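**Student:** What follows is a structure written as structure tokens; I'll ask about it next.
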Amino acid sequence: MIMQEKVEARTPILKMEGINKTFSGTTVLKNVNIELYPGEVHALMGENGAGKSTLMKIVSGVYMPDQDSGTITYKTDQVTWKDPMTARKMGIGVIHQELNLAPNLTISENILMGTKYPRNKFGMVRWEKVHRRAKEVLTSMGSDLKPETLVSTLSVAQQQMVEIARALSYKAEVLIMDEPTASLTDKEIDRLFEIIKDLRKQGVAIVYISHRMEEIFKISDRYTVLRDGEWIKSGPIQETNTDHLVNLMVGRDLKGLFQRSKGNDIKARDKENPALEVKNLSDNTFVRDLSFQIYPGEIVGFAGLVGAGRTELVRSIFGASDILQGEIRVAGEKVQIKSPIDAIRYGIALVPESRKEQGLFLDMSVKENILLAELKKHKKSLKINWNSLNHAADVYIKNLKIKTASPDQSISGLSGGNQQKAVIARWLSTNPKVLLLDEPTRGVDIGAKTEIHKIISELADAGLAVLMISSELPEVIGISDRIFVMNEGRITGHLQKNEATQERIMHYATGGNKDEINSVD
Amino acid sequence: GNNETSGQENESADNKKGDLKIGLTLNNLANPFFVSMSEAAGEYAEELGAEIIIQAADADLAKQTSQIEDFITQGVDLILLNAVDSEGIAGAVAQADAAGIPVISVDVGAGGGIEGTVTSDNYQAGALAAEYMIEDLGGKGNVVVIDGPPVTAVKDRIAGFEDTIEGTDIKVIAKQNGEGNREKGLQVMESILQANKPGTIDAVFANNDPVAIGAEIAQQQAGRQDEFYIVGVDGSPDVIKAMKKEGSSIAGTSAQNPGEMVKKAMDVGIQVLDGESIEEVIKIPVDLVTQDNLDSYKGW
Amino acid sequence: MKSILSTNQQPAAQPPVQSRFKLGHHASTVWNQLGMVIILILLCIVMSVMAPNFLDSSNLTNILKQVSVTAILAAGMTIVILTGGIDLSVGSIVALSGVVSVMASQTGINPILAMLLGVGAGYLVGFINGVFTAKIGLPAFIVTLASMTYVRGLAYVTSGGYPVVLESNTFRFIGSGSILSIPTPIYLMILVYIVMFLVLKYTMFGRHIYAIGGNEEAARLTGIKVKKTLVNVYSISGLLAGLGGVVLAGRLYSGQPTAGNMYELDAIAAVILGGSKLTGGVGKIQGTIIGVLIMGVITNGLTLMDVSYYWQLVVKGGVIVSAVLIDRLRS
Amino acid sequence: MKSILSTNQQPAAQPPVQSRFKLGHHASTVWNQLGMVIILILLCIVMSVMAPNFLDSSNLTNILKQVSVTAILAAGMTIVILTGGIDLSVGSIVALSGVVSVMASQTGINPILAMLLGVGAGYLVGFINGVFTAKIGLPAFIVTLASMTYVRGLAYVTSGGYPVVLESNTFRFIGSGSILSIPTPIYLMILVYIVMFLVLKYTMFGRHIYAIGGNEEAARLTGIKVKKTLVNVYSISGLLAGLGGVVLAGRLYSGQPTAGNMYELDAIAAVILGGSKLTGGVGKIQGTIIGVLIMGVITNGLTLMDVSYYWQLVVKGGVIVSAVLIDRLRS
Ligand SMILES: Nc1ncnc2c1ncn2[C@@H]1O[C@H](COP(=O)(O)OP(=O)(O)OP(=O)(O)O)[C@@H](O)[C@H]1O
Ligand SMILES: Nc1ncnc2c1ncn2[C@@H]1O[C@H](COP(=O)(O)OP(=O)(O)OP(=O)(O)O)[C@@H](O)[C@H]1O
Ligand SMILES: [Mg+2]
Ligand SMILES: [Mg+2]
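Residue numbers (our numbering), protein chains in the order written: chain Y, 12 to 532; chain D, 11 to 310; chain C, 157 to 487; chain P, 157 to 487.
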């Protein structure tokens, strides 16, 4: 409260009034206002496609607002940056939502990208200094990544850490964080929050965008809500709560995160065949000696810290990465999975970790993105029957409530959440027996997230065996019947729904001791 | 005099049997003219019991320069050069000269200190074609010229043709580039036939035989074979074959003799090696092969 | 929850077809093509003013006949480029196929069979390209560059460097004949483009091509047989180049070992003029034929105008940039 | 929290250099190069066995002299390809620059100045390529294909199609002269590669090239002047092609309007053989020179072995694939 006064007292460092933005006809921002004060964390809230990123891209000079459509006042004078460079020079720092890294370069170069590297008097880059500077940023973030590592060898989460490091590597007075934690796990998030608090002390104004409610209340001082590109409300965080915020965002009431009614416990099902059984699976690098079963009709959550090996686990089950040892049984019978094609044949489906790189065909229509895996179902002899395709696509679009102008709209025009639903739909279309979900709701807004959770849960009730990786603990706890916790490629914990708490999961995730695990099993 | 000369050569070849190593670099091997030249060279070298290395430069002077350099490395005794460009090759010739390897140029002259040139006069080839047309058309008419790749040999032919019609009432109504091959020759002729309606063309001068044949195909497909005739350059087997056909509209071709040329060059070269003196330029005359003297023409 | 899994349900209300032309990449490329069509028309207007008899029906068939071979190559090049690949070997394949098929027909075998041998030779080269590119994973550019070299060599070796003369009239017919006073190659070209259009739009193979070009990793994870598809794509490109070679041979009454030189560049240029992206995933066969025609009209028009060969090159280069430039500025 | 923002601190524990060769693309491409070096050596061994006098020092200088022009072009091509672009115009630029500079020197101006004019012409073409590609955003392939065409045309037009003769000895020296019995072009080539190495590794410009090639969007967002950098990249490629043209003219005692035909393909092939990816971001100049040498050794060796012209093409194609193939299998 005290600091609240302080904030109001000061004049805003950045003030945007009546901002409009139109992309080829479609208006994305309508007369939006926002005020940022030095030393505050300002939560920018809104559903997928509300216009958060667009607004921030205007602040950071990526886009220009529409002609004569309102004003941006930075410090004392009115401004319009013509490119990211100028904005950055003026002290605007950004962590963009989409990872913007050059995979061919080292972590160091990605962190320092766009700045002048340390150079000698002949203008020659001094590499040892470059790496040292990067190392400093990383250590200050509590990350032990090696500066000389090639970014292409990093997992998505690790890449996000690099993205953050870049924004922290130079002095910013306004720091924009567009979903920085989308793929982070609590350990990194806590570290990040300490950094944010530190910056706040130094009087940096921070815009914080996230779809994870609990974070908002943990870190932010004030909030602004956008809906369909319109400014809805701003105010101090103390004067709101989850339900109220959600209501402002989606324009209707919606009780927090979806909670799956406790699924009937395994004991009852023990005698049945597990839909998926993994025995001593290893690739000797990221996955070590993993064994577990998943039964039809249950949702099994996989929790763990960044780099725990969850993604690699599902990738190897799905035949996307090589397995060195161990066996996989589907519905009791031993199977050899050498490629995704085999996996699909055995009724396994994988919704991959990163939509953009591994899931979406951005040049293609929504309907093809949904049905590409099942075209053969929709052809007479050789010829594809587009009508039956449209028909089927419409069904999925309806059932999964995918928001799209039409089935033929290019999927690149959809918001993150809806793109994710389309990818899920693609895998449902293959009628899988085992569904592997890797971070299925990353960057998906609360409304869509809830819908996706409902869908997953209903699928399980319909007899599907679901393995869900998630780094968002409330999500894992919310909809899993059982939870495995991984640490450095090994399963370190196994929790029933009723015994799962964030604390216990974190305990195992950080490599909790064995006897406790035994007591669980 | 052919048999005599080669007869002499056999003797003079005897005393250097086996150890004579000759390098021959040709403008290219994409044109039958040069292909036949290379074959004749191969056979004749066999006769002489000499080893011959044959290279083609793809009409790239830099490549030809490299090839001469490689010849020097290989320590050939004699270089036969069919230059891509007469001045441009001078540098390489000088290198060979410095290495004490005599260079005889074939068909196209060359600078840089060559021992001698054996050439069939390309300028004359063009001139003969022109004279034929002047006489046939009575010094008046519209002709089409199909040019070729910009190399001296070709340019001399065109020059010979154009200089000769200079002053007559023969007008060049279209001049396009057939790039020396049948394909492009056919294409440009098709378009020229579009631009010049029936009855407007009296004759076509093609820079070489492949183009001449291409032009004839275009003419036949347009059903205009009776309107005008074509004169080519080379006297290549397939043009002779074409001329022998009924109703061929290829009236003539300024026949050169690649085989003869390269053999002569080889003889001259060996004379140089034997320390005999030779005349700087030996011209193998070109004669216009027409329907009249077609049967007496030996061919390549 | 059956509903999600089963698809036998009422379709949602709105008819897709309508909106297809409102939004999305369908729309956008429809625009691209329209753009290029406009430019083609502009070009024709200019030519018809400046070049004598440009608009004569005989000249128009002439243009179509002259582009037919490049067009057939460009059709194959389109699917290669759609997958994000490239095929530099097509020009040399034209030569090899021409030589092989003509020499075959000289042995007196059935001319149809001889032609098929030529086409087969092209298919074989394409298949080899595909294996090295897709299965072994070597860069398409270098693999097809190598093929371009050795296939040209083979064409020379088999023919001994001389053009091989084509006697068979059946064979000649495919290049020089005409039905209802329209030259055969034009029918072939049209046929190839119709088939290719149907393949790309209505077959799984076609859709997989777009998918692979758009996001190969995703395609792999979706269970598409990426390698197999790519091998087929290159094989088809080779096959069509082989067909082109046969047509050209029929047109030239001979198999020319020098034929098809630089055709690969014309084909690629046409594909890109037609709106395809070298990065793959974006493009349409309709665009390609427009690109081919633009190139053809330029060459033909300049020749009709009797512009000197040297200036033709200058102008041609200028027109190509202007074409893409205008198209860009328009949108 | 100072630590994040201030950089004056103790150096991190482990020395970067060490770990650099454990992980990351440094390592991987070091391997690629090693791989290609091995292949180059293998090739030389084979040649020295089969080709007489291959190992003569005179022949080795020969090879270097013969590749020098392509090498200079390939250096420029490398940075273009590193940005994910391509430059098909270099071959024609070689011709134009040669013709322009020689004609200039014929007017009797200072030969150095004449040469600079040739280089300048190349720079100009490159600059235009850059503007159309980077600023206006047209596809590099089509833009440079167009340049390839019109620049060749200009070379013909300015020279009237005839080679122009070079008299000036100073000028000739740059192509045909030698210092300490090593030909001048070799010094030039080495110079170009050293400079390019330093630029790519130690200058902001060089690092920006890699960043743009790796992720253009990221480069833009972090405030790298993408367009400016790209324009410079194409300009440099043009400039080096211009230099190549001057050297070639000096070597051929003349400006040949037909010179440099197909050189662009040799240059690109060399770059890719050297381990660069056409998608950009990956590659090193050291790799390129290896690629150039591989190509040069093949051509030279086959000539020495007296392989017939036609078979040379076949073998050359085969060797190129084998080279990348072996490299692939090895890793
Ligand atoms: N470059 C663009 N061209 C056209 N439309 C765009 C563009 N960028 C964004 N949009 C549209 O603008 C709207 C807002 O997008 P924006 O990314 O700002 O939403 P967001 O609030 O960041 O959503 P999310 O929470 O999913 O990140 C969306 O409908 C999106 O489709
Ligand atoms: N594409 C990749 N290439 C190389 N290493 C990878 C790749 N992806 C992940 N890794 C490494 O494999 C290990 C396990 O990563 P993985 O992605 O499976 O962990 P995770 O549990 O999914 O955590 P997150 O995905 O949130 O990073 C990590 O050390 C990571 O660095
Ligand atoms: Mg966003
Ligand atoms: Mg993961």
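Where a beta carbon is used, it is the ideal one built from N, C-alpha and C, also for glycine. Since we're looking at a predicted model, the values are computed, not measured.
Within 10 angstroms of its Cβ, does Gln231 (chain D) collect 16 or more other Cβ (buried), or is it exposed?
**Tutor:** For the purposes of this step, residue 231 (chain D) is identified with residue 221 of the second sequence, where counting begins at 1. By the neighbour-count criterion, in which a residue is buried when 16 or more other Cβ atoms sit within 10 angstroms of its Cβ, Gln231 (chain D) is buried.
**Student:** Ends of the beta strand (DSSP E) at Phe303 (chain Y)?
**Tutor:** Translated into the one-based positions of the first sequence, residue 303 (chain Y) becomes position 292. Here the beta strand (DSSP E) through Phe303 (chain Y) covers 301–305.
**Student:** Mapping the DSSP letters down to three states, classify Ala216 (chain D) as helix, strand or coil.
**Tutor:** Translated into the one-based positions of the second sequence, residue 216 (chain D) becomes position 206. Strand.
**Student:** Classify Ile111 (chain D) as helix, strand or coil using the three-state DSSP reduction.
**Tutor:** Here residue 111 (chain D) refers to the residue found at position 101 when the second sequence is read from its first residue. Of the three classes helix, strand and coil, the one that applies to Ile111 (chain D) here is coil, per DSSP.
**Student:** What is the residue span of the beta strand (DSSP E) that Glu193 (chain D) lies within?
**Tutor:** Here residue 193 (chain D) refers to the residue found at position 183 when the second sequence is read from its first residue. Run containing Glu193 (chain D): none in the beta strand (DSSP E); it sits in the alpha helix (DSSP H), 192–205.
**Student:** In the segment 399–415 of chain C, which residues sit with their C-beta less than 9 Å from some C-beta in chain D, listed in chain order?
**Tutor:** Flagged, chain order: Leu404, Arg407, Leu408, Tyr409, Ser410, Gln412, Pro413, Thr414, Ala415.
**Student:** Taking C-alpha atoms, which residue in Y:Gly104, Y:Gly427, Y:Ile408 lies nearest to Lys182 (chain Y)?
**Tutor:** Taking the first sequence and counting its residues from 1, one reaches residue 182 (chain Y) at position 171. Nearest of Y:Gly104, Y:Gly427, Y:Ile408 to Lys182 (chain Y), Cα basis: Y:Gly104.
**Student:** Who are the neighbours of Ile298 (chain C) on chain P, taking C-beta pairs under 8 Å?
**Tutor:** Within the third sequence, numbered from 1, the residue matching residue 298 (chain C) stands at position 142. Going along chain P in sequence order, the residues near Ile298 (chain C) (Cβ under 8 Å) are Ala425, Ile428, Leu429, Ile476, Val477, Val480.
**Student:** Do you know how far the Cα of Met192 (chain C) is from the Cα of Gly443 (chain C)?
**Tutor:** To locate residue 443 (chain C), count along the third sequence from 1; it is residue 287. To locate residue 192 (chain C), count along the third sequence from 1; it is residue 36. Each residue's Cα considered, the two are about 8 Å apart.
**Student:** Taking the DSSP output, what are the residues bridged to Ile559 (chain Y)?
**Tutor:** Residue numbering for chain Y in the displayed model covers 12 to 532; residue 559 (chain Y) lies beyond these limits and cannot be assessed.
**Student:** Here's a check: name, in chain order, each residue in its chain whose Cβ is nearer than 8 Å to the Cβ of Thr185 (chain P), leaving out the five neighbours to either side.
**Tutor:** Counting from 1 along the fourth sequence, the entry for residue 185 (chain P) is found at position 29. Confidence at Thr185 (chain P) is low in this model, with a pLDDT of 49, below 50, so its placement is unreliable and the value that follows should be read with caution. The residues are Gly431, Val438, Gly439, Lys440, Gly443.
**Student:** Once the 5 residues before and after Tyr307 (chain D) are set aside, which same chain residues still bring their CB inside 6 Å of it?
**Tutor:** Working through the second sequence from its first residue, we reach residue 307 (chain D) at position 297. The answer, listed in chain order, is Val299.
**Student:** Give me the Cα-Cα distance between Gly33 (chain D) and Phe361 (chain P), rounded to the nearest whole angstrom.
**Tutor:** As a working mapping, residue 33 (chain D) is identified with position 23 in the second sequence. As a working mapping, residue 361 (chain P) is identified with position 205 in the fourth sequence. Approximately 49 Å between the Cα atoms of the pair.
**Student:** Tell me, to the nearest whole angstrom, how far the beta carbon of Val185 (chain Y) is from that of Ala216 (chain Y); I am working on the premise that it is less than 8 Å.
**Tutor:** Counted from its first residue, the first sequence places residue 185 (chain Y) at position 174. Counted from its first residue, the first sequence places residue 216 (chain Y) at position 205. At roughly 5 Å, the Cβ-Cβ gap stays under 8 Å, so Val185 (chain Y) and Ala216 (chain Y) are in contact.
**Student:** Counting only beta-carbon separations shorter than 8 Å, does Met304 (chain C) have a partner in chain Y?
**Tutor:** For the purposes of this step, residue 304 (chain C) is taken as residue 148 along the third sequence, with counting starting at 1. Chain Y contact via Cβ: absent.
**Student:** Applying a beta-carbon distance threshold of less than 8 Å, which residues of chain P neighbour Pro295 (chain C)?
**Tutor:** Counted from its first residue, the third sequence places residue 295 (chain C) at position 139. Against chain P, the beta carbon of Pro295 (chain C) has neighbours under 8 Å at Ile428, Lys433, Leu434, Val480, listed in chain order.
**Student:** Specify the secondary structure class of Thr65 (chain Y) as computed by DSSP and reduced to three states.
**Tutor:** As a first step, residue 65 (chain Y) is located in the first sequence; it is residue number 54 there, counting from the start. The answer is helix: DSSP assigns Thr65 (chain Y) an H, G or I state.
**Student:** Applying the criterion that 16 or more other CB atoms from any shown protein chain within 10 Å of the CB defines a buried residue, is Gln412 (chain C) buried or exposed?
**Tutor:** To locate residue 412 (chain C), count along the third sequence from 1; it is residue 256. Flag for Gln412 (chain C) reads buried.
**Student:** Spell out the partners DSSP gives Gln186 (chain D) in its beta bridges.
**Tutor:** Within the second sequence, numbered from 1, the residue matching residue 186 (chain D) stands at position 176. D:Ile156, per the DSSP bridge assignment.
**Student:** Quick check: is the beta carbon of Ile136 (chain C) nearer than 8 Å to any beta carbon in chain P?
**Tutor:** Beyond the ends of chain C as shown, which are 157 and 487, falls residue 136 (chain C); an answer cannot be given.
**Student:** If you draw a straight line from the alpha carbon of Met517 (chain Y) to that of Leu506 (chain Y), how long is it in whole angstroms?
**Tutor:** As a working mapping, residue 517 (chain Y) is identified with position 506 in the first sequence. As a working mapping, residue 506 (chain Y) is identified with position 495 in the first sequence. Going from the Cα of Met517 (chain Y) to the Cα of Leu506 (chain Y) covers about 12 Å.
**Student:** Using only the heavy atoms of ligand 3, determine whether one of them is closer than 7 Å to the beta carbon of Gln108 (chain Y).
**Tutor:** Taking the first residue of the first sequence as 1, we reach residue 108 (chain Y) at position 97. Yes, the beta carbon of Gln108 (chain Y) sits closer than 7 Å to at least one heavy atom of ligand 3.
**Student:** Pull up the distance between the alpha-carbon of Glu237 (chain D) and that of Gly278 (chain P), whole angstroms please.
**Tutor:** Along the second sequence, one-based indexing puts residue 237 (chain D) at 227. Along the fourth sequence, one-based indexing puts residue 278 (chain P) at 122. Computed Cα separation, rounded: 48 Å.
**Student:** Does the Cβ of Met135 (chain Y) have 16 or more other Cβ atoms within 10 Å, making it buried, or fewer, making it exposed?
**Tutor:** As a first step, residue 135 (chain Y) must be located in the first sequence, where it is residue number 124. It is exposed - the Cβ of Met135 (chain Y) has fewer than 16 other Cβ atoms within 10 Å.
**Student:** Please list, in chain order, all residues of the same chain as Ala113 (chain Y) whose beta carbon is under 8 Å from its beta carbon, the five residues on each side excluded.
**Tutor:** Counting from 1 along the first sequence, the entry for residue 113 (chain Y) is found at position 102. Counting only Cβ-Cβ distances below 8 Å, and skipping sequence neighbours, we find Glu120, Asn121, Met124, Val162.
**Student:** Anything in chain C within Cβ reach of Tyr466 (chain P), meaning under 8 Å, just list it in chain order.
**Tutor:** Numbered from its first residue, the fourth sequence carries residue 466 (chain P) at position 310. Ordered by position in chain C, the residues that pass the 8 Å Cβ test against Tyr466 (chain P) are Gly309, Tyr312, Val313, Gly317.
**Student:** Have a look at the DSSP bridge pairing and note the partners of Phe34 (chain Y).
**Tutor:** The residue you call residue 34 (chain Y) lines up with position 23 of the first sequence. In the DSSP assignment, the residues bridged to Phe34 (chain Y) are Y:Thr37.
**Student:** Taking the alpha carbon of Ala108 (chain D) as the reference point, which residue from D:Ser258, D:Asn92, D:Thr83 has its own alpha carbon closest?
**Tutor:** Working through the second sequence from its first residue, we reach residue 108 (chain D) at position 98. Checked all of D:Ser258, D:Asn92, D:Thr83; the closest Cα to Ala108 (chain D) is D:Thr83.
**Student:** Beta-carbon within less than 7 Å of Asn209 (chain P)'s beta-carbon, same chain only, minus the 5 sequence neighbours each way: which residues are those?
**Tutor:** Position 53 of the fourth sequence, counting from 1, holds the residue named residue 209 (chain P). Excluding positions up to five away in sequence, the list reads Asn215, Leu460.
**Student:** By the three-class DSSP mapping on this structure, what secondary structure does Lys31 (chain D) have?
**Tutor:** The residue you call residue 31 (chain D) lines up with position 21 of the second sequence. It is a strand residue.
**Student:** May I ask you to report which of helix, strand or coil DSSP gives Leu304 (chain D)?
**Tutor:** Looking up residue 304 (chain D) in the second sequence gives position 294. Reduced to three states, the DSSP call for Leu304 (chain D) is coil.
**Student:** When the cut-off is 8 Å and only beta carbons count, does Lys440 (chain C) lie next to chain Y?
**Tutor:** The residue labelled residue 440 (chain C) in the question sits at position 284 within the third sequence. No Cβ of chain Y is located within less than 8 Å of the beta carbon of Lys440 (chain C).
**Student:** Leaving aside the five residues before and after Asn252 (chain Y) along the sequence, list all residues of the same chain whose C-beta is less than 6 Å from its C-beta, in chain order.
**Tutor:** Taking the first residue of the first sequence as position 1, residue 252 (chain Y) is located at position 241. Excluding positions up to five away in sequence, the list is empty.
**Student:** Quick one: is the Cβ of Lys63 (chain Y) within less than 7 Å of any heavy atom of ligand 3?
**Tutor:** The residue given as residue 63 (chain Y) occupies position 52 in the first sequence. Lys63 (chain Y): yes, Cβ under 7 Å from ligand 3.
**Student:** Rounding to the nearest angstrom, what Cα-Cα distance links Leu283 (chain D) and Glu53 (chain D) in this structure?
**Tutor:** Counting from 1 along the second sequence, the entry for residue 283 (chain D) is found at position 273. Counting from 1 along the second sequence, the entry for residue 53 (chain D) is found at position 43. Cα to Cα, Leu283 (chain D) sits roughly 20 Å from Glu53 (chain D).
**Student:** Applying the 10 Å Cβ sphere with the 16-neighbour rule, what's the burial state of Glu16 (chain Y)?
**Tutor:** In the first sequence, counting from the first residue as 1, residue 16 (chain Y) sits at position 5. Note on Glu16 (chain Y): pLDDT 46, under 50, position unreliable in the model; no value is reported.
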